[in-house]
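In what follows, a structure is listed as structure tokens, so that the remarks can point back to it.
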Amino acid sequence: MTSPKKAAQARPQVDRLARSLKASGLPHPLCVDIAREAIAAGDPDSAPARAEATRRSLLGPVINATGVLLHTNLGRAPHGPAAEDGGGPARYSNLEIDLATGRRGDRTTHAASLMAQLTGAEAALVVNNGAAALLLALAAVAAPRQVIVSRGELVEIGGGFRIPEVLAGSGAQLVEIGTTNRTHLRDYESALAACPSAAAVLKVHPSNYRLTGFTASVDVREVSRLGPPVIADIGSGLLDAATPWIEGGPPAWLSGEPAARQTLADGAALVTFSGDKLLGGPQAGILAGRRDLVDRCRRHPLARALRPGGLVLAELQRTALAYLARDVSGLPFWRMATAPVETLRARAAALSVGEIVDCESVPGGGSVPGAAIPSVGIAMEGDRTAELRALNPPIFARVVDGRTVVDLRTVDPDDDPIVGKALASL
Ligand SMILES: *Cc1c(COP(=O)(O)O)cnc(C)c1O
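If you want it as structure tokens, here you go:
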């Protein structure tokens, strides 16, 4: 154990060493980890080599001169930007190869290790979507044993995703407790007493609806003290309630949304969430938490059936690196969600068509129900949505109080000229 005094002395050294790794191009938090490891190993001079090894462990393009057209370790069929996008070289990647040894690698390491870092988890795994993440967690951690779930959390998320059916599909047995509106700690306790072989407790964030009135539920922290591992399906993929990537801290509309880092800190053994909701990344599902459980998920036969492709993993890696660099300007979701109202108003004024109105955007995607984000739009009398949809590219707007409102928050500023021209043409 390092004494607190020694640790305090080490901090400036870690910081200095981390900053010296800047040329590696890795985000600062990764450089700090690498510096700490090098110092802990008694070999600070190894830090640059460690940084280079980390950089090379990320997913990236490689040149395939093996003559094997469909090279499994290099991502099988090559991809490249389409000719209409300006072309460019056809790329293979280091999807499943270890650059150091040239031997078979693991596609589950690149983006997943960054997701673990971001959530403070021991390990993480990436699958195709949030539903797959929960299915795999239940199948690998709980089946064929019992899983305890509150009746207030036996929800349908949409698109036929119903918790009892996913549970049945995983091969685990559902033990429902409490009532629709109220579940207490004693409900969990007596279920566990009656069913000591229960493999897990499942907590599901009812993402897309709110239960209000005479209600009670038990939070992850309390349930985690009971013994069995807690699997928490937080759904929306908010990484950290403190949102260090947003200057000025979390916006009001995010309040109450569970975050991966805090849910794990509260004692959840595994969290599952989507890649393309509040994370702002590609369609994917992420499992993060205890290493032994993530490894069980990785080794489960279903994992292969649910694995994502290299293009998704590359995009998820890009998303994770943006968070680690605390610069989400490259993530359209956060760029749009955090655009100041005044910026939107200036854009509306610059278009000089229609009437500038205050309006409200919503997070959507079954995330943060009831939340509204102040926004600015352009309004026209009547329902003009069909005419807007008929344009090329089609424009989708909404009708509020008999007027058509084009909300600029979700329009990329680069598309403003298209919107301006379209509105002028109506
Ligand atoms: C959205 C959601 C899911 C499903 O995730 P997909 O990525 O759409 O498959 C599962 N659970 C919760 C709580 C969700 O909010």
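Heads up: the sequence shown is residues 219 to 644, going by the numbering used here.
Glycine residues also receive a C-beta, built at the ideal position from the N, C-alpha and C atoms.
Nearest-angstrom beta carbon gap, residue j and residue i [assumed within contact, 8 Å]
{"i": "Gly503", "j": "Ala330", "result": "Not confirmed; about 11 Å, so no contact."}
{"i": "Gly453", "j": "Ser492", "result": "7 Å"}
{"i": "Val448", "j": "Gly389", "result": "Contact flag wrong, Cβ pair sits at about 19 Å."}
{"i": "Val617", "j": "Asp601", "result": "5 Å"}
{"i": "Leu420", "j": "Val365", "result": "5 Å"}
{"i": "Arg268", "j": "Ala256", "result": "6 Å"}
{"i": "Ile596", "j": "Leu641", "result": "6 Å"}
{"i": "Val594", "j": "Leu562", "result": "4 Å"}
C-alpha distance - residue i paired with residue j, whole-angstrom precision
{"i": "Thr490", "j": "Ala351", "result": "6 Å"}
{"i": "Thr537", "j": "Glu270", "result": "20 Å"}
{"i": "Arg380", "j": "Gly638", "result": "42 Å"}
{"i": "Met219", "j": "Asp510", "result": "Here Met219 scores only 43 on pLDDT, less than 50, and its place in the model should not be relied on; the value that follows carries that caveat. Cα-Cα distance, rounded: 24 Å."}
{"i": "Arg621", "j": "Gly583", "result": "24 Å"}
{"i": "Glu605", "j": "Ala566", "result": "20 Å"}
{"i": "Gly445", "j": "Leu457", "result": "25 Å"}
{"i": "Pro266", "j": "Ser242", "result": "8 Å"}
{"i": "Glu314", "j": "Thr290", "result": "7 Å"}
{"i": "Leu482", "j": "Gly499", "result": "21 Å"}
{"i": "Pro230", "j": "Ala236", "result": "10 Å"}
{"i": "Leu356", "j": "Ala418", "result": "8 Å"}
{"i": "Ala247", "j": "Glu340", "result": "According to the sequence shown, residue 247 is Pro rather than Ala. Cα to Cα, Pro247 sits roughly 16 Å from Glu340."}
{"i": "Leu410", "j": "Trp471", "result": "37 Å"}
{"i": "Leu353", "j": "Gly507", "result": "16 Å"}
{"i": "Arg254", "j": "Leu497", "result": "28 Å"}
{"i": "Ala258", "j": "Leu239", "result": "17 Å"}
{"i": "Glu475", "j": "Ser643", "result": "41 Å"}
{"i": "Pro262", "j": "Glu465", "result": "33 Å"}
{"i": "Gly370", "j": "Leu626", "result": "37 Å"}
{"i": "Arg321", "j": "Leu292", "result": "11 Å"}
{"i": "Ala360", "j": "Thr433", "result": "28 Å"}
{"i": "Pro550", "j": "Val580", "result": "15 Å"}
{"i": "Asp316", "j": "Gln535", "result": "17 Å"}
{"i": "Gln501", "j": "Leu385", "result": "22 Å"}
{"i": "Ala543", "j": "His423", "result": "28 Å"}
{"i": "Pro382", "j": "Ser408", "result": "21 Å"}
{"i": "Ala416", "j": "Arg363", "result": "6 Å"}
{"i": "Gly528", "j": "Leu343", "result": "14 Å"}
{"i": "Asp437", "j": "Leu488", "result": "15 Å"}
{"i": "Gly647", "j": "Asp451", "result": "Nothing can be reported for residue 647: it is not among the residues displayed for the chain, which extend from 219 to 644."}
{"i": "Ile281", "j": "Ala532", "result": "16 Å"}
{"i": "Arg514", "j": "Pro296", "result": "31 Å"}
{"i": "Ser435", "j": "Arg443", "result": "15 Å"}
{"i": "Phe691", "j": "Arg607", "result": "This structure does not reach residue 691, given that the chain is present from 219 up to 644, and the question cannot be answered."}
{"i": "Leu287", "j": "Arg294", "result": "7 Å"}
{"i": "Arg516", "j": "Arg525", "result": "10 Å"}
DSSP state of residue i mapped onto helix, strand, coil
{"i": "Arg602", "result": "coil"}
{"i": "Ile281", "result": "coil"}
{"i": "Ser579", "result": "strand"}
{"i": "Ser425", "result": "coil"}
{"i": "Ala506", "result": "strand"}
{"i": "Pro592", "result": "strand"}
{"i": "His518", "result": "coil"}
{"i": "Ala597", "result": "strand"}
{"i": "Thr220", "result": "A caution first: Thr220 carries a pLDDT of 48, below 50, which makes its placement in the model too unreliable to give a value."}
Closer than 6 Å: residue i CB and nearest ligand 3 heavy atom
{"i": "Ala589", "result": "Absent from the structure shown: ligand 3. Ligands present: ligand 1."}
Checklist entry - Where in the segment 432-499 do unbroken runs of the alpha helix (DSSP H), each at least 4 residues long, occur, reported from the N-terminal end onward? => result 438-442 and 478-483
Checklist entry - Which runs of the beta strand (DSSP E), 3 residues or longer, sit entirely within the segment 610-636? => result 616-618 and 621-625
Checklist entry - Hey, is the segment 387-397 in contact with the segment 557-574, meaning 3+ C-beta pairs nearer than 8 Å? => result no
Checklist entry - Fully enclosed by the segment 292-358, which alpha helix (DSSP H) runs are 4 residues long or longer? => result 328-337 and 348-355
Next on the checklist: Just to confirm the assignment: which complete alpha helix (DSSP H) runs, minimum length 4, are found wholly within the segment 549-576?
Outcome noted: 550-555 and 559-569
Checklist entry - Hey, is the segment 517-534 in contact with the segment 468-481, meaning 3+ C-beta pairs nearer than 8 Å? => result no
Checklist entry - Any chance the segment 561-578 sits against the segment 457-468, with 3 or more Cβ pairs inside 8 Å? => result no
Checklist entry - What beta strand (DSSP E) runs, 3 residues minimum, are completely inside the segment 365-432? => result 374-376, 391-395 and 418-422
Item to check | Ordered list of alpha helix (DSSP H) runs contained in the segment 233-271, each at least 4 residues | outcome: 246-258
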